[in-house]
Each structure stands twice: as structure tokens, then as C-alpha cells.
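Accompanying notes for the structure given below.
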Amino acid sequence: MSRRKTERLLNLVICLLATRRPLSAEQIRQAVPGYDPDNDEAFQRMFERDKTELREIGIPIEVHRDPWEDDPGYRIVRQAYELPEITLEPDEAAVIGLAAQVWQRASLAEAASGALIKLQAGGAPADLAESPLELRLDTRDAAFPALWEAVRDRRAVTFAYRSAGSESVLTRVVEPWGVVSRGGRWYAVGHDRDRDAPRVFRLSRITGPVSPVGRPGAVTVPEGVDLRSMVGFQEAPNERVALVKVRQGTCAGLRHAARAVRTGPGEWDEAEVTFADPERLAGWIASLGPDAEVIDPPDAREAVIRRLKGAFQTAGDPSCER
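According to UniProt numbering, the sequence shown is numbered sequentially starting from 1.
See the structure below:
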């Protein structure tokens with residue numbers, strides 16, 4: 001829908017809501033910007049289309065026929081337009097609050113805040129975002145925003161992907177069907193064009209940017225596809241232990257999550273941290289800067305080194321300055 005049409009429909013709704021008496025088509029024509037003031041036939045066609053579209057999305061436009069007037073009048077009765085009071089059961093409020101916490105940690109924070117404000121204005125509890133459930137996932141993967149937008153827009157994407165247990169990076173072209181969280185990790189599910197088959201991609205293994213391919217609306221999600229089931233079948237839990245040097249007096253979160261912490265020589269302690277995905281562990285350790293260093297296993301250590309080198313190269317690229 002074009003911006004001009006959106007503004008015209010919004011102005012029409014405001015006009016019909018604000019009026020105390022039904023307005024004729026000619027009065028609407030004069031009051032609402034966007035209608036042709038000179039061409040009667042063009043105005044009638046556009047006005048009929050606008051009424052139909054508003055009714056299709058559930059906005060009740062009433063028609064009043066006055067025996068003393070030649071033309072019918074139109075208005076929107078506020079009581080029929082307004083939503084009823086929103087009531088939530090405790091478990092429903094908890095789930096919504098948990099969802100709000102998830103999106104507040106991603107690029108969708110602004111949209112999540114706006115949704116909460118609207119729910120609270122409609123009668124939902126003011127402390128909706130304070131869910132009693134514990135948040136066990138995050139959306140810090142750099143590929144998440146672009147993939148979420150691609151799913152929303154039904155648009156194919158391309159990205160570089162490192163397969164499990166391999167250092168080779170291949171370019172994939174994918175028609176994304178959804179983004180799913182499982183076990184604290186995010187996955188993109190969709191159709192791999194090069195392999196002509198459904199595939200699951202762990203977001204932490206995507207390297208570099210996610211770029212759109214083609215026009216929006218080109219991707220069709222198959223009917224009945226079970227994204228969560230596909231992710232479940234793809235993932236094989238394989239918990240491992242990493243040995244991490246931690247500077248004394250720092251990294252309280254890592255120390256709390258570690259299964260064991262030993263006092264080491266000098267200013268360093270040694271922590272044993274369980275993990276399943278080296279790339280995800282690398283993102284966490286790299287964010288701690290010089291206060292943490294992975295000693296073992298080698299693939300986890302190399303993953304941290306790649307993260308730090310990438311951050312250094314980005315910092316030295318003038319095109320990344322703002």
C-alpha cells in the first residue's frame with residue numbers, strides 16, 4: 001500500500017470517527033485530503049474502494065439514509081470501533097511479558113515497547129514486562145535482524161555459512177520460512193536453493209552480512225511445515241567443556257555459569273565452562289575482552305581469535321565509522 005493511500009485511509013477513519021452526524025460523500029470529499037476535487041467519477045470509484053478496504057479489515061462504516069436528504073451519510077460509531085477491555089489470565093500475562101523481554105534485547109526493542117504501551121492502554125497490567133518466568137535465550141546473533149526481516153517480507157537471502165565440524169565457509173542462497181529458538185540458540189529454517197531441499201542453519205555459524213535476494217513476497221512457506229520439529233531433528237546435543245583463564249576479580253557472570261573455578265597462578269583463575277557451539281561461546285568470551293582467554297579445546301580458542309580479528313578489522317575500516 002502506498003504512503004499516499006495509507007494517509008488517505010487514515011484521514012478517512014479519523015474524519016468518520018470525529019463527526020457527530022453522518023457525512024455525505026461530498027462532505028467527505030471536501031474534508032479528507034487525497035480525493036480528486038474535480039473528477040466526480042474518479043472520486044466515486046476511489047471512495048467505494050476505500051470503504052470496501054476499511055470494512056475488510058474490520059472497521060465498521062455505517063450508512064445512514066435520511067428521508068429528507070438525497071444522498072446517504074457515513075460515519076463510524078466509536079463504541080463499535082473501539083476494542084473491548086483487555087483481560088489477561090496470569091499465565092497469559094507471563095508469556096507476553098517473557099516475549100517482551102526477548103524482543104527488548106533485539107533490534108525489535110522499539111516495536112516491543114510500543115506493543116506493551118498499547119496493551120497497557122487497553123487495560124493490561126502496567127507491570128506486564130516484569131514476567132515471573134526466567135529468560136533463557138537472547139538475540140545477540142548478528143544475523144538475527146536481517147533474517148527476521150527476510151521472513152517477515154517473504155524474501156530470499158544469501159550469506160556465508162560455516163558447517164558444523166568444518167572450517168570451510170560456503171555461500172548459501174536460502175528462502176527463509178521462519179526463525180526458531182531452541183536450547184538457547186537461534187536457527188533459520190528454509191529452502192536451500194543450491195541443494196533444492198529444506199535446510200536448517202544455526203545463526204551463530206553465519207559469517208558476515210545477510211543480504212536480500214530478489215523482491216519481497218517471492219518466498220512461499222509450504223502449508224503444514226513444522227519449523228520447530230525440523231530444528232529438533234537437526235540438532236544433536238553434544239555438550240563439551242572449555243578451559244578458560246579468568247582474571248581475578250572479573251567476569252562474575254562467567255564464574256557463576258562455570259561448573260568449576262580453580263585459583264590459578266598469579267592474577268588468573270581457571271574456569272570450566274560447558275558449551276555446545278564454539279561460535280556462541282566465542283561471542284561470549286570475546287565480549288569479556290582481556291579478562292578471559294580460552295585455553296582449550298582448540299576449535300573454541302580459534303573461534304574466539306576469529307571474532308577478535310574480525311572486530312579489529314572492522315574497527316580499522318574507515319567505511320564503518322559513523
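All C-beta atoms in this analysis are idealised placements derived from N, C-alpha and C, irrespective of residue type, glycine included.
Item                                                                                                        : Value
Cβ pair Arg78, Leu17 closer than 9 Å                                                                        : yes
The region 201 to 209 / the region 171 to 186 touching (three or more Cβ pairs under 8 Å)                   : yes
Close Cβ partners of Leu12 (< 8 Å) along its chain, the five nearest in sequence each way excluded          : Ile28, Val32, Asp50 and Leu54
Where Pro176 falls: helix, strand or coil (DSSP)                                                            : strand
Inter-stretch contact (C-beta, 8 Å, three-pair minimum) for the region 296 to 312 and the region 248 to 255 : no
Stretch-stretch touch, CB-based, cutoff 8 Å, three pairs: the region 208 to 226 with the region 156 to 164  : yes
Residue closest to Gly232, alpha-carbon to alpha-carbon, out of Ala143, Ser181, Cys15 and Leu9              : Ser181
Beta-carbon proximity check, Ala257 vs Val273, cutoff 9 Å                                                   : yes
Glu270 beta carbon less than 9 Å from that of Val244                                                        : yes
Cβ neighbours of Ile285 in the same chain (closer than 7 Å, five flanking residues each side left out)      : Val244, Ala292, Val294 and Val304
According to DSSP, residues forming a beta bridge with Glu53                                                : DSSP, once it has assigned bridges, lists no residue as partnering Glu53.
Gly310 to Leu170 span [Cα, whole Å]                                                                         : 18 Å
Every unbroken alpha helix (DSSP H) inside the region 203 to 256 [4 residues or more]                       : 227 to 234
Whole-angstrom distance between Val219 and Ser163, CA atom to CA atom                                       : 24 Å
DSSP state of Thr6 mapped onto helix, strand, coil                                                          : helix
Under the three-state DSSP convention, the category Glu279 falls into                                       : helix
Three-state secondary structure (DSSP) of Val304                                                            : helix
Between the CA atoms of Arg152 and Arg3 - distance to the nearest angstrom                                  : 19 Å
Euclidean distance between Cα positions of Gly253 and Leu288                                                : 10 Å
Cα-Cα separation between Arg45 and Thr207, rounded to whole angstroms                                       : 51 Å
Val77 (DSSP reduced to helix, strand or coil)                                                               : coil
CA nearest to the CA of Arg228, picked from Tyr187, Pro216, Ala197 and Asp196                               : Tyr187
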